[in-house]
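So the protein lines, in turn, are chains A and B. Each residue of the first sequence is one higher than the last, beginning at 0 in numbering that gives the first Met the number 0. Each residue of the second sequence is one higher than the last, beginning at 0 in numbering that gives the first Met the number 0. Note that CB positions come from ideal geometry on N, CA and C, so glycine has one too. Note that the structure is a prediction, hence the values are computed from the model and not measured. Read the structure below first, then the notes.
There are 2 protein chains.
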Amino acid sequence: MSATAAGKLDINVSETQLLADLERLGRIGLGADGGITRRALSNEDAEARSYVAERMRAAGLDVRHDEVGNLRARRPARDGATWNTRSNVVMTGSHLDSVPSGGKLDGPLGVVGAVCAVEALNAAGVQTERPIELVVFVGEEGSRFKRGTIGSAALSGHVAVADVLALVDPDGVIYRNAMATYGDSGAAIPARVERGSVHAFVELHVEQGGVLESSGTDIGAVTTIAGLVQHMVTFHGDANHAGATPMHLRRDALLAAAQWALGIERAAREVGGGAVGTVGKLTVEPGGKNIIPGRVDAICDLRAPTPELLTALAGFVISSLHGIGEQRGVEIEQQLLQRVEPGPMHELAIAAVERAAAAAGLSSLRMPSGAIHDALHVAEVAPASMIFVPSIGGKSHCPTEATQPRDLVRGVDVLARTLAILANE
Amino acid sequence: MSATAAGKLDINVSETQLLADLERLGRIGLGADGGITRRALSNEDAEARSYVAERMRAAGLDVRHDEVGNLRARRPARDGATWNTRSNVVMTGSHLDSVPSGGKLDGPLGVVGAVCAVEALNAAGVQTERPIELVVFVGEEGSRFKRGTIGSAALSGHVAVADVLALVDPDGVIYRNAMATYGDSGAAIPARVERGSVHAFVELHVEQGGVLESSGTDIGAVTTIAGLVQHMVTFHGDANHAGATPMHLRRDALLAAAQWALGIERAAREVGGGAVGTVGKLTVEPGGKNIIPGRVDAICDLRAPTPELLTALAGFVISSLHGIGEQRGVEIEQQLLQRVEPGPMHELAIAAVERAAAAAGLSSLRMPSGAIHDALHVAEVAPASMIFVPSIGGKSHCPTEATQPRDLVRGVDVLARTLAILANE
């Protein structure tokens with residue numbers, strides 16, 4: 000099959016199988032509120048992984064796991080080579096761990112979607128020049144250990160395997176020991192892949208925002224993963240009596256924080272280019288209804304698709320604190336929690352997604368990802384992109400996260416075609 | 000003694016005794032953070048009350064308690080009459096209960112200050128035409144039962160005694176049964192006083208704000224007690240991913256609340272005339288650092304010295320919600336928690352405080368009280384005012400609430416002189 004023949008592939012994704020897989024995974028770690036909680040390397044995570052490993056084997060894949068716990072499975076190339084191939088591999092995958100009380104698509108769609116895509120390629124009799132590797136990245140969400148995207152960061156060499164194995168969760172469990180849930184999935188292979196050994200990577204994921212839905216587009220071809228700056232900011236005011244303290248004698252920590260939060264919104268709009276800024280966490284002390292707020296602790300989350308825009312936004316947000324503090328007599332402390340550089344995707348992979356969408360008769364849109372994904376790290380060592388499908392109401396990281404079944408199937412269809420393009424070009 | 004002779008009184012307040020009394024009470028209910036927690040009718044409240052009753056008896060007062068648990072003690076008039084007097088009485092007093100982790104002056108100063116004032120009158124050989132009654136009002140702070148100013152509201156007839164006795168605390172304890180801590184303080188007298196039976200009332204209290212301190216004034220003569228409107232407001236936004244949701248697709252509940260809170264500040268300044276507005280309690284859900292706030296619950300506390308100003312301020316604050324909701328696509332619910340009408344003090348009592356201050360060689364300032372006090376209810380049946388002393392840094396309702404010992408003594412001095420003026424005029 001030539002690359003240009005991708006349009007002629009007879010890809011038929013099994014909607015029944017895809018929904019059954021998502022439904023099955025959606026019962027593992029299901030809580031009373033309808034949300035799913037699967038922490039990295041927990042029993043729930045292991046149960047989900049076992050189910051997926053079984054599905055992978057049924058699809059004819061050779062299943063391994065690596066030193067940090069990424070599940071890795073290969074579909075043979077035309078010449079029958081899998082792990083011992085001399086040609087570089089085409090990779091796809093996502094994660095199975097979740098945020099606390101998250102949805103059933105964030106991660107799992109890109110995992111079981113990849114298995115269903117391979118099954119569609121099998122059914123269509125598609126053979127490829129390069130083997131295709133499916134990866135279940137461990138610990139993407141960062142809801143157990145201190146950092147997220149653990150598996151992909153180890154795979155790209157962004158963090159050392161030894162540093163991953165030494166991570167400790169809030170209960171004092173060391174990552175190395177939490178790996179015990181792996182048991183019998185075969186001997187561990189190295190986590191790290193060398194630059195040049197992966198021809199391309201593509202990850203299927205729900206958008207988690209409302210851009211595709213509101214623009215009526217079927218598929219997003221991700222051009223960049225936005226970088227991130229998070230600051231913790233504490234406003235120290237004066238907790239006086241709300242009745243007895245005239246307006247001009249107040250040092251109200253909440254009003255200072257309110258002014259700052261509204262300024263972040265203004266700055267993100269002014270910086271433009273897809274920059275966003277949010278104050279998602281904010282607590283008020285002492286919190287009495289008749290006491291002027293004496294202290295506010297808040298965290299801002301700033302994102303932008305280029306380092307320049309990210310620096311501009313963060314610069315404004317932090318420099319605005321000085322004037323607010325002066326004006327209100329409020330002392331302000333701030334601390335950088337993290338900065339993650341933006342990750343540009345690669346034209347080779349972006350174009351493959353676009354071509355696959357067109358071949359499937361679907362509309363597509365080049366767009367940045369505001370959320371961080373494993374593709375960010377894989378992009379450090381291989382050409383990468385992502386396939387986004389619409390999220391209903393832009394909802395994610397919550398029990399109501401959902402996508403129309405039709406759109407789920409379309410995403411898997413495009414994934415199958417993209418893999419075929421990349422593995423044969 | 001004639002009224003004009005007040006200036007010639009040889010009043011010598013015992014600083015040692017006053018500070019010892021405050022220190023002694025300050026150990027009852029003292030917590031690890033240095034704050035005092037004495038809920039109405041608790042064991043701590045009873046212990047404080049017993050101490051005060053003993054001090055009252057030592058000062059020559061006849062001590063009773065009434066049906067709702069106000070401790071009431073009388074100093075005989077010149078003719079020896081106490082409870083069975085035909086002339087109307089001059090009252091003073093405050094409360095012993097506290098907010099959670101409050102200070103040692105809010106309430107106790109007006110209680111032991113009254114005892115020390117009586118002792119100063121005794122030492123100076125001052126006799127009066129009218130008996131003087133000291134009252135310890137029960138449950139002023141509202142930190143146990145659903146309402147505050149319980150004792151004074153029952154005394155004025157603002158609430159019926161039967162309704163007070165039927166109050167229930169969060170643990171299900173009925174007020175009537177909580178009264179068991181009273182035990183042997185003598186037979187209960189009626190709580191309610193008839194209009195005309197009280198010549199005047201004056202309450203000594205810390206200012207709890209920064210007006211006296213910042214203006215360098217010794218004594219505040221309270222002209223009115225500001226009214227209060229409290230609303231609970233809920234902002235319903237959309238809890239989406241902070242990275243994946245562009246600014247123009249957001250419905251951020253916190254930004255709506257921030258805009259509202261800053262608008263309250265602006266409105267209070269514009270309304271002027273001593274109006275103040277505060278958002279002291281505000282919670283953000285879900286509260287994840289990378290999730291756009293989907294819900295904010297907040298309470299606003301609005302105060303003004305006249306009904307007109309209070310209505311103007313509350314009107315603005317509530318009407319502003321509509322525009323904010325429209326602008327941000329945020330649904331907003333609001334509920335009135337309470338409205339307390341402003342309580343004008345009486346010229347008879349205000350002027351007596353001013354004259355007493357002048358007689359003691361102290362500066363005084365006519366000022367409103369932003370905080371609510373028992374004097375608000377007593378004013379419904381008798382001419383009333385309050386004596387304020389400066390609060391260091393305007394601090395109150397917290398462990399760091401404090402007043403210079405010199406200022407405490409001055410307040411008691413002015414109280415003694417005010418009582419002498421009112422009881423002899």
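If you reduce the DSSP assignment to three classes, tell me which class B:Pro285 lands in. Start at 1 with the first residue of the second sequence, and residue 285 of chain B comes out as number 286. Three-state result, B:Pro285: coil.
How many angstroms separate the CA atom of A:Phe234 from the CA atom of A:Ala351? Translated into positions along the first sequence, residue 234 of chain A becomes position 235. Translated into positions along the first sequence, residue 351 of chain A becomes position 352. If I take the Cα positions, the gap works out to 49 Å.
Give the straight-line distance between the Cα atoms of A:Asp20 and A:Val111, rounded to the nearest whole angstrom. Here residue 20 of chain A refers to the residue found at position 21 when the first sequence is read from its first residue. Here residue 111 of chain A refers to the residue found at position 112 when the first sequence is read from its first residue. For the pair A:Asp20 and A:Val111, the Cα-to-Cα distance works out to about 7 Å.
Whole runs of the alpha helix (DSSP H) within the region 203-248 of chain A, excluding any shorter than 4 residues: Listed in chain order, they are 210-214.
So what's A:Val339 in DSSP terms, helix, strand or just coil? Reading the first sequence from its first residue, position 340 is the one you call residue 339 of chain A. If DSSP states are grouped into helix, strand and coil, A:Val339 belongs with the strands.
Please list the residues of the region 67-98 of chain B that have a C-beta atom closer than 7 Å to any C-beta atom in chain A, keeping them in chain order. Listed by position along the chain: nothing, the set is empty.
Reduced DSSP category for B:Val62 - H, G, I as helix; E, B as strand; rest coil: Counting from 1 along the second sequence, the entry for residue 62 of chain B is found at position 63. In this structure, B:Val62 counts as strand in the three-state DSSP scheme.
For the alpha helix (DSSP H) containing B:Leu364, name the first residue and the last one. As a position in the second sequence, residue 364 of chain B is number 365, starting the count at 1. Element bounds for B:Leu364: not the alpha helix (DSSP H) but the beta strand (DSSP E), Ser363 to Ser368.
Would you say B:Ala255 reaches chain A, if we count a Cβ-Cβ gap shorter than 7 Å as a contact? Numbered from its first residue, the second sequence carries residue 255 of chain B at position 256. Under the 7 Å criterion on CB atoms, B:Ala255 is classed as non-interfacial with respect to chain A.
Could you check how far apart the C-beta atoms of B:Leu418 and B:Ile131 are, in whole angstroms? I think they sit under 8 Å. Within the second sequence, the letter at position 419 stands for residue 418 of chain B. Within the second sequence, the letter at position 132 stands for residue 131 of chain B. Right, their Cβ atoms sit about 5 Å apart.
A:Ile290 versus B:Pro99 - alpha carbon distance: Counted from its first residue, the first sequence places residue 290 of chain A at position 291. Counted from its first residue, the second sequence places residue 99 of chain B at position 100. Across the structure, A:Ile290 and B:Pro99 are spaced so that their CA atoms are roughly 12 Å apart.
Beta-bridge pairing of B:Ile188 - partner residues as DSSP gives them: Taking the first residue of the second sequence as 1, we reach residue 188 of chain B at position 189. DSSP output for B:Ile188 lists B:Asp65 as bridge partner(s).
What residues from chain A crowd round B:His240, counting only those whose CB sits closer than 8 Å? Numbered from 1 along the second sequence, position 241 holds the residue referred to as residue 240 of chain B. Here the neighbours are Gln207, Gly208, Gly369, Ala370, Gly393, Ser395 and His396.
Beta-carbon gap between B:Ala225 and B:Pro382 smaller than 7 Å: Translated into the one-based positions of the second sequence, residue 225 of chain B becomes position 226. Translated into the one-based positions of the second sequence, residue 382 of chain B becomes position 383. Not closer than 7 Å, so no.
Can the beta-carbon of A:Ala165 be found less than 7 Å from the beta-carbon of A:Ala190? Here the question's residue 165 of chain A lines up with position 166 in the first sequence. Here the question's residue 190 of chain A lines up with position 191 in the first sequence. No, the Cβ-Cβ distance between A:Ala165 and A:Ala190 is not below 7 Å.
How would you label A:Ser363, buried or exposed, when you count the other beta carbons within 10 angstroms and need 16 or more for buried? Counting from 1 along the first sequence, the entry for residue 363 of chain A is found at position 364. Buried, since its Cβ has 16 or more Cβ neighbours within 10 Å.
Run the CB neighbour count on A:Ser318, radius 10 Å, all protein chains shown included, and call it buried at 16 or more, exposed below. Counted from its first residue, the first sequence places residue 318 of chain A at position 319. A:Ser318 counts as exposed, since fewer than 16 other C-beta atoms from the protein chains shown sit within 10 angstroms of its C-beta.
DSSP state of B:Gln326 mapped onto helix, strand, coil: In the second sequence, residue 326 of chain B corresponds to position 327, counting from 1. In this structure, B:Gln326 counts as helix in the three-state DSSP scheme.
Name the residue from B:His247, B:Val89, B:Glu140 and B:Ala159 whose alpha carbon lies nearest to the alpha carbon of B:Glu128. Residue mapping note: residue 128 of chain B aligns to position 129 of the second sequence, counting from 1. In this structure, B:Val89 is the residue among B:His247, B:Val89, B:Glu140 and B:Ala159 with its C-alpha nearest to the C-alpha of B:Glu128.
So, is the C-beta of A:Thr277 closer than 7 Å to a C-beta in chain B? Sequence index remark: in the first sequence, residue 277 of chain A carries index 278 (1-based). At a cut-off of 7 Å, the C-beta of A:Thr277 has a neighbouring C-beta in chain B.
Environment of B:His247 [buried if 16+ CB atoms lie within 10 Å]: Here the question's residue 247 of chain B lines up with position 248 in the second sequence. Exposed, by the Cβ-count rule.
A:Lys288 beta carbon less than 7 Å from that of B:Gly279: As a position in the second sequence, residue 279 of chain B is number 280, starting the count at 1. As a position in the first sequence, residue 288 of chain A is number 289, starting the count at 1. If you check the CB distance, B:Gly279 and A:Lys288 come in under 7 Å.
Determine, using beta carbons only, whether B:Leu221 and B:Ser384 come nearer to each other than 7 Å. In the second sequence, counting from the first residue as 1, residue 221 of chain B sits at position 222. In the second sequence, counting from the first residue as 1, residue 384 of chain B sits at position 385. In the sequence as displayed, the identity of residue 221 of chain B is Val instead of Leu. One thing to note: B:Val221 has its Cβ within 7 Å of the Cβ of B:Ser384.
Can you find a C-beta in chain B that's less than 7 Å from the C-beta of A:Asp300? As a first step, residue 300 of chain A must be located in the first sequence, where it is residue number 301. Interface residue, yes.
By Cβ distance, which residues of its chain are closer than 7 Å to B:Leu407, with the 5 residues on each side in sequence left out? The residue you call residue 407 of chain B lines up with position 408 of the second sequence. Answer for B:Leu407: Leu17, Leu108 and Val388, listed in chain order.
Between B:Lys288 and chain A, is any beta-carbon pair separated by less than 7 Å? By one-based count along the second sequence, residue 288 of chain B stands at place 289. Yes, because at least one Cβ of chain A sits closer than 7 Å to the Cβ of B:Lys288.
DSSP three-state label for B:Glu193, please. Within the second sequence, the letter at position 194 stands for residue 193 of chain B. Here B:Glu193 sits in coil by DSSP.
Using beta carbons (cut-off 7 Å, strictly below), is A:Ile291 in contact with chain B? To locate residue 291 of chain A, count along the first sequence from 1; it is residue 292. Taking Cβ atoms only, chain B reaches closer than 7 Å to A:Ile291, which makes this a yes.
Chain-ordered neighbours of A:Gln258 on chain B, where CB pairs are closer than 7 Å: Looking up residue 258 of chain A in the first sequence gives position 259. Those are Leu261, listed as they occur along chain B.
Taking the alpha-carbon of A:Glu400 as reference, which of B:Leu95, B:Gly28, B:Phe136 and B:Ala238 has the nearest alpha-carbon? As a first step, residue 400 of chain A is located in the first sequence; it is residue number 401 there, counting from the start. For A:Glu400, the closest alpha carbon among the candidates B:Leu95, B:Gly28, B:Phe136 and B:Ala238 is that of B:Ala238.
Look up B:Ala4 in the DSSP assignment and say whether it is helix, strand or coil. Walking along the second sequence from the start, residue 4 of chain B turns up at place 5. Confidence at B:Ala4 is low in this model, with a pLDDT of 49, below 50, so its placement is unreliable and the value that follows should be read with caution. Assignment of B:Ala4 by DSSP, reduced to helix, strand and coil, places it in the helix class.
Should A:Gly369 and A:Val275 be called a contact, given that it needs their Cβ atoms to be closer than 7 Å? The residue given as residue 369 of chain A occupies position 370 in the first sequence. The residue given as residue 275 of chain A occupies position 276 in the first sequence. Cβ atoms of A:Gly369 and A:Val275: closer than 7 Å.
Give, in chain order, every residue of the region 211-245 of chain A whose Cβ lies closer than 8 Å to some Cβ of chain B. Hits within the stretch, in order: Ser213, Ala225, Leu227, Gln229, Asp237, Ala238, Asn239, His240, Ala241, Gly242, Ala243, Thr244 and Pro245.
Please indicate yes or no: does the CB of B:Leu312 lie closer than 6 Å to some heavy atom of the ligand NAP? Absence of the ligand NAP is noted for the structure shown, with no ligands found whatsoever.
One or two residues paired with A:Arg71 in a DSSP bridge: For the purposes of this step, residue 71 of chain A is taken as residue 72 along the first sequence, with counting starting at 1. Bridge partners of A:Arg71: A:Arg63 and A:Val134.
When the Cα of B:Met25 is compared with those of B:Ala45, B:Leu104 and B:His321, which residue comes out closest? Here residue 25 of chain B is taken as the residue at index 26 of the second sequence, counted from 1. A quick correction: the sequence has Gly, not Met, at residue 25 of chain B. Minimum Cα distance to B:Gly25 is reached at B:Leu104.
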